[in-house]
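**Q** Sequence order for the protein chains is A and B.
Following numbering that gives the first Met the number 0, the numbering of the first sequence begins with 0 at its first residue and continues without gaps.
Following numbering that gives the first Met the number 0, the numbering of the second sequence begins with 0 at its first residue and continues without gaps.
In this text, a Cβ means the ideal position worked out from N, Cα and C, and glycines have one as well.
Predicted, not measured: the structure shown is a model, and the values here were computed from it.
Here you go, one structure.
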Amino acid sequence: MSGRTLSETVAIIDYGSGNLHSAAKAFERAAREAGLDTRILVTGDPEAVASADRVVLPGVGAYADCRRGLDAVPGMVEAMTRAAIQAGRPFLGICVGMQLMATRGLEYETTPGLGWIPGDVGPIRPADPALKIPHMGWNTLTPDRDHALLAGISTGEGGLHAYFVHSYALKADRPGEVVAHADYGGPVTAMVGRDNLAGTQFHPEKSQRLGLALLANFLRWRP
Amino acid sequence: MIGSTAWKIDESPVLKTRIIPCLDVKDGRVVKGVQFLELRDAGDPVEAAKAYDAAGADELCFLDITASHEARGTLLDVVSRTAEACFMPLTVGGGVRAVEDVRALLLAGADKVAINTAAVKDPDLVARAAEKFGAQCIVVAIDAKRVSGAAEPARWEIFTHGGRNPTGLDAIAFARTVAAKGAGELLVTSMDKDGTRSGYDLALTRAIADAVTVPVIASGGVGGLDDLVAGVAQGGASAVLAASIFHFGQHSVAEAKAHMAAAGLSMRLDA
Numbered sequence: 000m001s002g003r004t005l006s007e008t009v010a011i012i013d014y015g016s017g018n019l020h021s022a023a024k025a026f027e028r029a030a031r032e033a034g035l036d037t038r039i040l041v042t043g044d045p046e047a048v049a050s051a052d053r054v055v056l057p058g059v060g061a062y063a064d065c066r067r068g069l070d071a072v073p074g075m076v077e078a079m080t081r082a083a084i085q086a087g088r089p090f091l092g093i094c095v096g097m098q099l100m101a102t103r104g105l106e107y108e109t110t111p112g113l114g115w116i117p118g119d120v121g122p123i124r125p126a127d128p129a130l131k132i133p134h135m136g137w138n139t140l141t142p143d144r145d146h147a148l149l150a151g152i153s154t155g156e157g158g159l160h161a162y163f164v165h166s167y168a169l170k171a172d173r174p175g176e177v178v179a180h181a182d183y184g185g186p187v188t189a190m191v192g193r194d195n196l197a198g199t200q201f202h203p204e205k206s207q208r209l210g211l212a213l214l215a216n217f218l219r220w221r222p
Numbered sequence: 000m001i002g003s004t005a006w007k008i009d010e011s012p013v014l015k016t017r018i019i020p021c022l023d024v025k026d027g028r029v030v031k032g033v034q035f036l037e038l039r040d041a042g043d044p045v046e047a048a049k050a051y052d053a054a055g056a057d058e059l060c061f062l063d064i065t066a067s068h069e070a071r072g073t074l075l076d077v078v079s080r081t082a083e084a085c086f087m088p089l090t091v092g093g094g095v096r097a098v099e100d101v102r103a104l105l106l107a108g109a110d111k112v113a114i115n116t117a118a119v120k121d122p123d124l125v126a127r128a129a130e131k132f133g134a135q136c137i138v139v140a141i142d143a144k145r146v147s148g149a150a151e152p153a154r155w156e157i158f159t160h161g162g163r164n165p166t167g168l169d170a171i172a173f174a175r176t177v178a179a180k181g182a183g184e185l186l187v188t189s190m191d192k193d194g195t196r197s198g199y200d201l202a203l204t205r206a207i208a209d210a211v212t213v214p215v216i217a218s219g220g221v222g223g224l225d226d227l228v229a230g231v232a233q234g235g236a237s238a239v240l241a242a243s244i245f246h247f248g249q250h251s252v253a254e255a256k257a258h259m260a261a262a263g264l265s266m267r268l269d270a
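Structure follows, in structure tokens:
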């Protein structure tokens, strides 16, 4: 092999949910700005997902509906599992995509998740009942531990903002798997991670500076 | 600064008040144009959206006022090109009649879809859309007019077709209904105030914000920066929508944010 780095492929899983278009564009821009030669592939083909260097599971919408959409693509859950769990490739779940990494979702009905980050996805109940639900808008992140995806990103009260829009949140069984939280009448899980698995409740593809920096970190991540 | 100490504001210290510039779009073009920046094409919604993205707007709203349903493809193209260029949340409304319309806009790149007349005709559309796509992306746009006399307790009625058609529906009751059906947010426009530049109808905004648990966007009537502050501090809105004060360069988004922060509101200033 020569010293030349082969370009990587990122598979953004297309299962009929949400906003793949803007996720793909945000990844393209993050790659360009980071000077990375990365191929961004929006795909519903399980083989392409299984063989991708990095995998992204986006998700917008209701939990049960997203799960049904994922199951409706034959072989997709298996392909994701091969890439993320067996091959240990970097995996990023976004919003409901992150929630699907949990054990189960409790939105409208109880729906099994992938069970990769043990925990339930239940309604947000802020301590202050005057706080509006959905948790919608720009909030800062409070890191619970270091993570490569947050490298170089200013967090805390004076830090950059991430865009959230959700009524349900993941309560991880293992506190060590919560990477960051947002404060909304109590802590709301904002980011989870273990080994090569990461997930964000907020939308990096809608979070301007913070988002593009996080996506670039994901593209460079060597867990 | 006028108004900067007028209200004591008690709210979540971290979730920021959103400023949402709103563009009226007709046949794929911005109505009246956007004059605050040297845009190559002031009538192109995508160019305007990019400028607002760079200016630090917290979200953007397109309201499509195209008359014919057949011209839908043009709007979808505008939304898709905007989503390619702007990494900020985009709400699109106007002419949404069915779950399929919601789906088409979300797939094109809208983050939230506003339903107006169709929600009045069939509130269950809100429930169907929310169940399919999640409440977080379903906005119900409420156009209301005050119908009570000066001596009576305030009462507002829902109007459709730009304020021309009364519906007989009480605005507060309707807000409760659509929130219960699954609207994730309410965009409340006062038809009395819209275009007057005399400030939001704060009593209307407050009455609805107090009646529902979902966020309320104040809309209609902004004439200056203190109106934005009042929409939150007195109206109880989670976000403020404005058009002409931004489009015509009267104020920049950054000025609006600085003014609102000086008034004690929690704003996102890092953008």
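Just to confirm my understanding: we take Ala212 of chain A, look at its own chain, exclude 5 residues before and 5 after, and list those with CB closer than 6 Å. What are they?
**A** The sequence position of residue 212 of chain A within the first sequence is 213, counting from 1. Counting only Cβ-Cβ distances below 6 Å, and skipping sequence neighbours, we find Ile152.
**Q** Would a C-beta distance cut-off of 7 Å place Lys111 of chain B and Val138 of chain B closer than the cut-off?
**A** Indexing the second sequence from 1 puts residue 111 of chain B at position 112. Indexing the second sequence from 1 puts residue 138 of chain B at position 139. Cβ atoms of Lys111 of chain B and Val138 of chain B: closer than 7 Å.
**Q** Among the residues of its own chain, which have a CB less than 7 Å from the CB of Pro89 of chain A, if the five just before and after it don't count?
**A** For the purposes of this step, residue 89 of chain A is taken as the residue at position 90 of the first sequence. If we look at Pro89 of chain A and ignore the five residues flanking it on each side, its Cβ neighbours are Arg53, Asn195, Phe217, Trp220 and Pro222.
**Q** Enumerate in chain order the residues of its own chain whose CB-to-CB distance from Gln233 of chain B is below 6 Å, with the five nearest sequence positions on each side excluded.
**A** In the second sequence, the residue the question calls residue 233 of chain B occupies position 234. Contacts found: Leu201.
**Q** Nearest to Asp23 of chain B by alpha carbon, out of B:Asp209, B:Lys144 and B:Leu240?
**A** What you label residue 23 of chain B is simply residue 24 of the second sequence in a count that begins at 1. The shortest Cα separation from Asp23 of chain B among B:Asp209, B:Lys144 and B:Leu240 belongs to B:Leu240.
**Q** Give me whichever residues DSSP pairs with Met190 of chain A in a beta bridge.
**A** Locating residue 190 of chain A in the first sequence gives position 191, where the first residue counts as 1. Met190 of chain A pairs with A:Ala179 and A:Thr199.
**Q** Report buried or exposed for Glu58 of chain B, applying the criterion of at least 16 other Cβ atoms within 10 angstroms of its Cβ.
**A** Locating residue 58 of chain B in the second sequence gives position 59, where the first residue counts as 1. With 16 or more other Cβ atoms within 10 Å, it is buried.
**Q** Please name the residue, chosen from A:Ile123, A:Ala22 and A:Ser206, that lies closest to Asp182 of chain A on a Cα-to-Cα basis.
**A** Along the first sequence, one-based indexing puts residue 182 of chain A at 183. Nearest of A:Ile123, A:Ala22 and A:Ser206 to Asp182 of chain A, Cα basis: A:Ile123.
**Q** Contact between the segment 166-175 of chain B and the segment 220-236 of chain B is defined here as three or more beta-carbon pairs at a separation below 8 Å; is this criterion met?
**A** With the cut-off at 8 Å, the segment 166-175 of chain B and the segment 220-236 of chain B do not touch.
**Q** If you measure from the beta carbon of Ala61 of chain A to each beta carbon in chain B, is any gap under 7 Å?
**A** In the first sequence, counting from the first residue as 1, residue 61 of chain A sits at position 62. So yes, Ala61 of chain A belongs to the interface.
**Q** For Glu204 of chain A, which residues in chain B fall below 8 Å Cβ to Cβ?
**A** For this step, residue 204 of chain A is matched to residue 205 along the first sequence. Chain B residues near Glu204 of chain A: Phe86.
**Q** Give a yes or no on contact between the segment 210-223 of chain B and the segment 176-191 of chain B, applying the rule of three or more CB pairs nearer than 8 Å.
**A** Taking 8 Å as the limit for Cβ pairs, the verdict is that the segment 176-191 of chain B does touch the segment 210-223 of chain B.
**Q** Out of curiosity, what's the CA-to-CA distance linking Thr8 of chain A and Ile39 of chain A?
**A** Here the question's residue 8 of chain A lines up with position 9 in the first sequence. Here the question's residue 39 of chain A lines up with position 40 in the first sequence. Cα to Cα, the separation comes out at about 6 Å.
**Q** Let me know the secondary structure DSSP gives Asn138 of chain A once reduced to three states.
**A** Here residue 138 of chain A refers to the residue found at position 139 when the first sequence is read from its first residue. DSSP places Asn138 of chain A in strand when its eight states are reduced to three.
**Q** With a Cβ-Cβ cutoff of 7 Å, do Ile12 of chain A and Thr212 of chain B count as a contact?
**A** Sequence index remark: in the first sequence, residue 12 of chain A carries index 13 (1-based). Sequence index remark: in the second sequence, residue 212 of chain B carries index 213 (1-based). Not closer than 7 Å, so no.
**Q** With DSSP as the reference, please indicate the residues paired to Leu59 of chain B in a beta bridge.
**A** Residue 59 of chain B sits at position 60 when you count from the first residue of the second sequence. Answer is B:Leu89, bridged to Leu59 of chain B.
**Q** Please confirm if Val98 of chain B has its CB atom under 7 Å from at least one CB of chain A.
**A** Against the second sequence, residue 98 of chain B aligns to sequence position 99. Not closer than 7 Å to any Cβ of chain A, the Cβ of Val98 of chain B fails to qualify, so no.
**Q** List, in order along the chain, the chain B residues whose C-beta lies closer than 8 Å to that of Gln207 of chain A?
**A** If you number the first sequence from 1, residue 207 of chain A lands on position 208. Within 8 Å Cβ-Cβ: Asp52, Phe86, Met87 and Ala270.
**Q** Just checking, does the segment 58-69 of chain A make contact with the segment 81-101 of chain A on the three C-beta pairs under 8 Å criterion?
**A** Yes, the segment 58-69 of chain A touches the segment 81-101 of chain A.
**Q** CA-CA distance, Asn138 of chain A and Ala84 of chain B?
**A** Your numbering for residue 138 of chain A matches position 139 in the first sequence. Your numbering for residue 84 of chain B matches position 85 in the second sequence. In a straight line, the C-alpha of Asn138 of chain A is about 23 Å away from that of Ala84 of chain B.
**Q** Check distances from the C-beta atoms of the segment 76-110 of chain A to those of chain B and list, in chain order, the residues that come in under 7 Å.
**A** Residues passing the 7 Å Cβ filter: Tyr107.
**Q** What number of angstroms, rounded off, separates the C-alpha of Ala86 of chain A from the C-alpha of Met190 of chain B?
**A** Here residue 86 of chain A is taken as the residue at index 87 of the first sequence, counted from 1. Here residue 190 of chain B is taken as the residue at index 191 of the second sequence, counted from 1. The alpha-carbon atoms of Ala86 of chain A and Met190 of chain B are separated by roughly 58 Å.
**Q** Does Pro133 of chain A come within less than 7 Å of chain B when only Cβ atoms are used?
**A** The residue you call residue 133 of chain A lines up with position 134 of the first sequence. Yes, because at least one Cβ of chain B sits closer than 7 Å to the Cβ of Pro133 of chain A.
**Q** Say whether chain B places a C-beta atom closer than 7 Å to the C-beta of Ser1 of chain A.
**A** Locating residue 1 of chain A in the first sequence gives position 2, where the first residue counts as 1. Low per-residue confidence applies at Ser1 of chain A: pLDDT is 43, beneath 50, and the placement is therefore not dependable, though the value from the model is reported in the following sentence. False, the Cβ-Cβ gap to chain B never drops below 7 Å.
**Q** Spatial neighbours of Gly121 of chain A within its chain, please: C-beta separation below 8 Å, excluding the five flanking residues on both sides.
**A** By 1-based counting over the first sequence, the position of residue 121 of chain A is 122. Once the five neighbours on either side are set aside, the close Cβ partners of Gly121 of chain A are Leu105, Tyr167, Ala168 and Lys170.
**Q** Could you say if the segment 68-82 of chain B and the segment 99-117 of chain B meet the contact criterion of at least three C-beta pairs nearer than 8 Å?
**A** In short, these stretches touch, since the Cβ pair count reaches three.
**Q** Are the CB atoms of Gln207 of chain A and Phe61 of chain B within a distance shorter than 7 Å?
**A** Counted from its first residue, the second sequence places residue 61 of chain B at position 62. Counted from its first residue, the first sequence places residue 207 of chain A at position 208. No.
**Q** Identify which residue in B:Ala255, B:Val30 and B:Met266 has its Cα closest to the Cα of Ser237 of chain B.
**A** Within the second sequence, numbered from 1, the residue matching residue 237 of chain B stands at position 238. With distances taken between Cα atoms, Ser237 of chain B lies closest to B:Met266.
**Q** What residues from the segment 198-217 of chain B come within 9 Å of chain A, judged by C-beta to C-beta, listed N to C?
**A** Residues passing the 9 Å Cβ filter: Ala208, Val211, Thr212, Val213, Pro214 and Val215.
**Q** Could you check which residue in B:Ser251, B:Cys136 and B:Glu156 has the C-alpha nearest to that of His165 of chain A?
**A** Counting from one through the first sequence, the residue named residue 165 of chain A turns up at place 166. Out of B:Ser251, B:Cys136 and B:Glu156, B:Cys136 has the C-alpha closest to the C-alpha of His165 of chain A.
**Q** Which term fits Gly68 of chain A, buried or exposed, when burial requires 16 or more other beta carbons within 10 angstroms of its beta carbon?
**A** Here residue 68 of chain A corresponds to residue number 69 of the first sequence, with the count starting at 1. By the neighbour-count rule (16 or more Cβ atoms within 10 Å), Gly68 of chain A is buried.
**Q** With DSSP as the reference, label Leu283 of chain B as helix, strand or coil.
**A** With chain B running from 0 to 270 in the structure shown, residue 283 of chain B is simply not present.
**Q** How many whole angstroms separate the CB atoms of Val48 of chain A and Met79 of chain A, which I take to be in contact at a CB cut-off of 8 Å?
**A** On the first sequence, position 49 is the one that residue 48 of chain A refers to. On the first sequence, position 80 is the one that residue 79 of chain A refers to. So it is a contact: roughly 6 Å between Cβ atoms.
**Q** Which ranges does the beta strand (DSSP E) cover as unbroken runs of at least 3 residues, wholly within the segment 120-205 of chain B, from first to last along the chain?
**A** The qualifying runs are 137-145, 155-159, 164-169 and 184-189.
**Q** Just confirm the distance between the C-beta atoms of Lys144 of chain B and His160 of chain A, as a whole number of angstroms; I'd bet it's less than 8 Å.
**A** Within the second sequence, residue 144 of chain B is the residue found at index 145, counting from 1. Within the first sequence, residue 160 of chain A is the residue found at index 161, counting from 1. With 8 Å as the limit, Lys144 of chain B and His160 of chain A do not qualify as a contact, their Cβ atoms being about 36 Å apart.
**Q** What residues are listed by DSSP as bridge partners for Thr37 of chain A?
**A** Stepping through the first sequence from its first residue, residue 37 of chain A is reached at position 38. A:Glu7.
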